[in-house]
Amino acid sequence: MTDASLDPTDVTGDAQFGDYFALLKPRVMTLVVFTALVGLLAAPVAIHPFVAFCAILFIAVGGGASGALNMWWDADIDAVMRRTAKRPIPAGRVSGSEALGLGMALSGFSVVFLGLATNWLAAGLLAFTIFFYVVIYTMWLKRWTPQNIVIGGAAGAFPPMIGWAAATGSVSVEAVLMFSLTFLWTPPHFWALALFMRKDYDNAGVPMLTVTHGRRATRNQIFVYTLILAALALATGFTSAGGPLYLTVAIVLNAMFVKGAWEIWMRDELLAETDNFAVEKSFFKLSLLYLFLHFGALLAEATIERAGILWGAA
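Sequential numbering of the sequence shown, starting at 1, is according to UniProt numbering.
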């Protein structure tokens, strides 16, 4: 990391509320909130609505804290990548020290208050998630190994497990499967992006798989991970968290995802360059829907089950 990101003289002083909010990576936070909510509601115990609201709020704040700390550390490489150059720190609207302070403060706040609102297992998992994302992934893996996305993907996979723990005070097979769903989805999702954004990672010196091993090796890995992901996604349908609705959604989505990964695997590099990586971009867009719809189906199954219990009790 360069010292420039921490130099207050580089800051314009034009920071608005939106700039500080952008430090929290709101798009990523949305995924964190949604998957944590699914984990919380899919748990086989009732939780008071206000406690549930507090749990999701503090998990979201913890996710935002991770984003701020990530932007603080990565300000130097963000400045040379097209898709990140306009972030608040490289754009000079917020200083690195401000981002660091905000991230540290929100980290402590989120962990302590999640523990007080729910239980200390959930708080411990949140603290470990922040540590893993900031220290293990951002500070170490991201600039050291092409497996950065594979190992680092664990950080984004913890929220449903934290939500489950917040409701139950424990971790079960279902929580682990929800974790694994996001964990195995992360490599094909980000590697598809890396296929058509390779120059950005080249310029930033980030050892993404496309940079260190080339696009052909990346295509092979996408296909392999997609097959493993499909098997796990379908297996989840046969657990207490799944059901016929989820299984139907999983069959359709994974058929589409495997087909997309096959098309990526079969791609000729010259053709990919000619059509501006249309297939890769299409697969990347599908990957965004893939995770949302799987967790949406899990949420629907939990809602149906709870409605059935209430109907039976009535």
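Think of the CB as a built atom: it goes at the ideal place given N, C-alpha and C, for glycine as much as any other residue.
Tell me the rounded alpha-carbon separation between residue i and residue j.
| i | j | result |
| --- | --- | --- |
| Leu232 | Val135 | 28 angstroms |
| Leu247 | Gly214 | 35 angstroms |
| Met1 | Gln221 | Low per-residue confidence applies at Met1: pLDDT is 44, beneath 50, and the placement is therefore not dependable, though the value from the model is reported in the following sentence. Near 29 angstroms, if we compare the C-alpha coordinates of Gln221 and Met1. |
| Gly312 | Phe277 | In this prediction, Gly312 scores a pLDDT of 49, lower than 50, which makes its location untrustworthy; no coordinate-derived value is stated. |
| Trp185 | Val94 | 32 angstroms |
| Ser110 | Gly205 | 33 angstroms |
| Ala235 | Val33 | 24 angstroms |
| Tyr225 | Pro187 | 7 angstroms |
| Glu301 | Phe283 | 27 angstroms |
| Leu106 | Met266 | 45 angstroms |
| Trp191 | Leu245 | 29 angstroms |
| Ala52 | Leu116 | 13 angstroms |
| Pro207 | Thr239 | 38 angstroms |
| Leu37 | Thr274 | 42 angstroms |
| Gly169 | Ala55 | 12 angstroms |
| Glu280 | Arg219 | 10 angstroms |
| Trp103 | Ala91 | Contrary to the premise, residue 103 reads as Gly rather than Trp in this sequence. When rounded, the distance between both Cα atoms is 18 angstroms. |
| residue 321 | Gly152 | With the chain covering 1 to 314 only, the question about residue 321 has no answer from this structure. |
Apply the 10 Å Cβ neighbour rule to residue i and answer buried if 16 or more other Cβ atoms are within range, or exposed otherwise.
| i | result |
| --- | --- |
| residue 315 | Past the edges of the chain, shown from 1 to 314, lies residue 315, and the structure says nothing about it. |
| Lys199 | exposed |
| Trp144 | exposed |
| Pro49 | exposed |
| Lys285 | exposed |
| Thr129 | buried |
| Ser180 | buried |
| Trp150 | In the sequence under discussion, the amino acid at residue 150 is Val, which differs from the Trp named in the question. It is buried - the Cβ of Val150 has at least 16 other Cβ atoms within 10 Å. |
| Val112 | exposed |
| Ile89 | buried |
| Asn148 | buried |
| Gly18 | exposed |
| Ala269 | According to the sequence displayed, residue 269 carries Glu and not Ala. By the neighbour-count rule (16 or more Cβ atoms within 10 Å), Glu269 is not buried but exposed. |
| Gly101 | exposed |
| Ala99 | buried |
| Lys25 | buried |
| Phe21 | exposed |
| Arg216 | exposed |
| Asp14 | exposed |
| Ala255 | exposed |
Under three-state DSSP, which class holds residue i?
| i | result |
| --- | --- |
| His213 | coil |
| Leu69 | helix |
| Arg31 | With the sequence shown as reference, residue 31 is identified as Leu, and Arg is not the correct amino acid for it. If DSSP states are grouped into helix, strand and coil, Leu31 belongs with the helices. |
| Gln16 | coil |
| Gly237 | coil |
| Lys86 | coil |
| Asn119 | coil |
| Ile47 | coil |
| Val258 | helix |
| Leu24 | coil |
| Ala297 | helix |
| Gly205 | coil |
| Ser107 | helix |
| Phe277 | coil |
Can you find a CB in chain D that lies within less than 8 angstroms of the CB of residue i?
| i | result |
| --- | --- |
| Gly96 | In the displayed structure, chain D is absent; only one protein chain is listed. |
Original post:
So does the segment 76-83 actually touch the segment 53-63, counting three or more Cβ pairs closer than 8 angstroms?
Top reply: no
Subject >> Inter-stretch contact (C-beta, 8 angstroms, three-pair minimum) for the segment 87-106 and the segment 157-167 >> reply: no
Original post:
Where are the alpha helix (DSSP H) runs, 4 residues long or more, that stay fully inside the segment 134-186, in chain order?
Top reply: 148-157 and 159-168
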